[in-house]
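Going by UniProt numbering, the residue at position 181 of the sequence shown is 181; the numbering climbs one at a time, nothing skipped. Beta carbons: idealized from backbone N, C-alpha and C, even for Gly.
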Amino acid sequence: MEFTGKHPDILVAQEAGASFPLHGNEVFSQPSITHRRRGIVDTSATLTMTLTYVRKDLPTTQNDTTHVNTPSHEHVSTTTLVGDHRLTVINVYWSPNQPSAPLPPLHTLIPTASSRDTVLLLGDFNCPHTTWGYDRVVPLGRKWANFVDCHQFTLLTEPSAPTRLGTGRESDTTPDLACIRGPLRAAWRILKKP
Numbered sequence: 001m002e003f004t005g006k007h008p009d010i011l012v013a014q015e016a017g018a019s020f021p022l023h024g025n026e027v028f029s030q031p032s033i034t035h036r037r038r039g040i041v042d043t044s045a046t047l048t049m050t051l052t053y054v055r056k057d058l059p060t061t062q063n064d065t066t067h068v069n070t071p072s073h074e075h076v077s078t079t080t081l082v083g084d085h086r087l088t089v090i091n092v093y094w095s096p097n098q099p100s101a102p103l104p105p106l107h108t109l110i111p112t113a114s115s116r117d118t119v120l121l122l123g124d125f126n127c128p129h130t131t132w133g134y135d136r137v138v139p140l141g142r143k144w145a146n147f148v149d150c151h152q153f154t155l156l157t158e159p160s161a162p163t164r165l166g167t168g169r170e171s172d173t174t175p176d177l178a179c180i181r182g183p184l185r186a187a188w189r190i191l192k193k194p
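Structure (structure tokens):
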């Protein structure tokens with residue numbers, strides 16, 4: 001997201017595997033994904049899968065996501081003041097091997113509606129649905145599409161522009177989604193590699 005200047009004010013990453021410094025930014029994370037080694041859950045180190053970076057001069061608070069995080073779903077929620085608006089960014093990573101998992105209680109992370117509040121819900125959802133360009137629908141995709149509709153979010157992701165290029169026999173897909181609700185304007189675009 002870019003509100004001012006040349007550098008992004010807010011940057012999100014999924015499947016990071018670790019937290020890394022980014023000059024001029026504060027990093028927010030809340031690790032919860034557990035990993036398996038030889039079929040056994042390894043709790044010795046919980047890797048950070050979801051990171052949100054916010055420019056240090058923007059007033060930002062991290063919202064607790066402990067109650068929605070699970071061993072297969074990780075969320076980071078921040079609220080940033082942007083002018084006279086509050087922007088809540090909910091950054092998501094859902095493991096791809098959980099197509100029938102229950103939908104996390106994301107509604108608990110959404111602030112009470114205000115004319116000055118915008119919520120941006122984005123990340124790596126790994127929940128196929130025809131609405132975002134898949135040729136199939138999995139139970140979690142159906143639940144997620146219903147959530148977006150019921151909570152009046154607008155899908156920003158362009159279904160015709162895959163966010164993951166398939167390899168070998170895999171087709172191109174769109175596991176990365178962005179939805180918005182509120183007064184701030186937003187547009188979707190895929191940046192070209194430098």
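* To do: Could you say which of A16, D135, P31, Q62 lies nearest to P111 if we only look at CA atoms?
  => Ranking A16, D135, P31, Q62 by Cα distance to P111 puts Q62 first.
* **Contact between the region 166-186 and the region 81-100 (3+ Cβ pairs under 8 Å)** => Per the Cβ contact rule, the region 166-186 is in contact with the region 81-100 (3 or more Cβ pairs under 8 Å).
* Leaving out five residues on either side along the sequence, give the residues of the same chain with a beta carbon under 6 Å from the beta carbon of T50. => Q14, E74, V76, N91, Y93.
* To do: Give me the Cα-Cα distance between R160 and T173, rounded to the nearest whole angstrom.
  => In the sequence as displayed, the identity of residue 160 is Ser instead of Arg. Cα-Cα distance, rounded: 9 Å.
* What whole-angstrom Cβ distance do G141 and P162 have, given they're in contact under 8 Å? -> Beta-carbon to beta-carbon, G141 and P162 are separated by about 15 Å, too far to satisfy the 8 Å threshold.
* Cβ-heavy atom distance between L184 and the ligand GDP below 8 Å? -> As presented, the structure is devoid of all ligands, the ligand GDP included, so that no description of it is given.
* Which of helix, strand or coil does DSSP assign to N126? -> Note: N126 maps to coil in three-state DSSP.
* Asked: Where does L22 fall in DSSP's three states?
  -> Coil, per DSSP.
* Near residue 199, what residues of its chain come up, given a Cβ to Cβ distance below 6 Å and the 5 sequence neighbours on each side ignored? -> Because the chain spans 1 through 194 in this model, residue 199 falls outside it and cannot be assessed.
* Between which two residues does the beta strand (DSSP E) carrying D176 extend? -> Run containing D176: 176-181, per the beta strand (DSSP E) assignment.
* Is DSSP giving N146 helix, strand or coil here? -> Three-state DSSP puts N146 in a helix.
* Simplified DSSP state of L140, which is helix, strand or coil -> In this structure, DSSP gives L140 a helical state, which the three-state scheme calls helix.
* Asked: So which of R169, E158, G168, A186 has the shortest CA-CA distance to D176?
  -> D176 has its Cα closest to that of E158, out of R169, E158, G168, A186.
* To do: Evaluate D9 with the Cβ neighbour count: other Cβ atoms within 10 Å of its Cβ, from every protein chain shown; 16 or more gives buried, anything less gives exposed.
  => By the 16-neighbour rule on beta-carbons within 10 angstroms, D9 is buried.
* To do: Using alpha carbons as the reference points, say which of P71, D135, W144 lies closest to H107.
  => Nearest C-alpha to H107: W144.
* Completely contained beta strand (DSSP E) runs for the region 60-141, where each covers 3 or more residues -> Runs of the beta strand (DSSP E) inside the region 60-141: 60-63, 73-82, 85-94, 117-124.
* To do: Measure from the alpha carbon of L103 to the alpha carbon of each residue in V148, R136, T80, T79, then state which is nearest.
  => Of V148, R136, T80, T79, the residue nearest in Cα terms is V148.
* To do: Reducing DSSP to helix, strand and coil, say where R55 ends up.
  => It is a strand residue.
* Exposure of G24, with buried meaning 16 or more beta-carbon neighbours within 10 Å -> Classification for G24: exposed.
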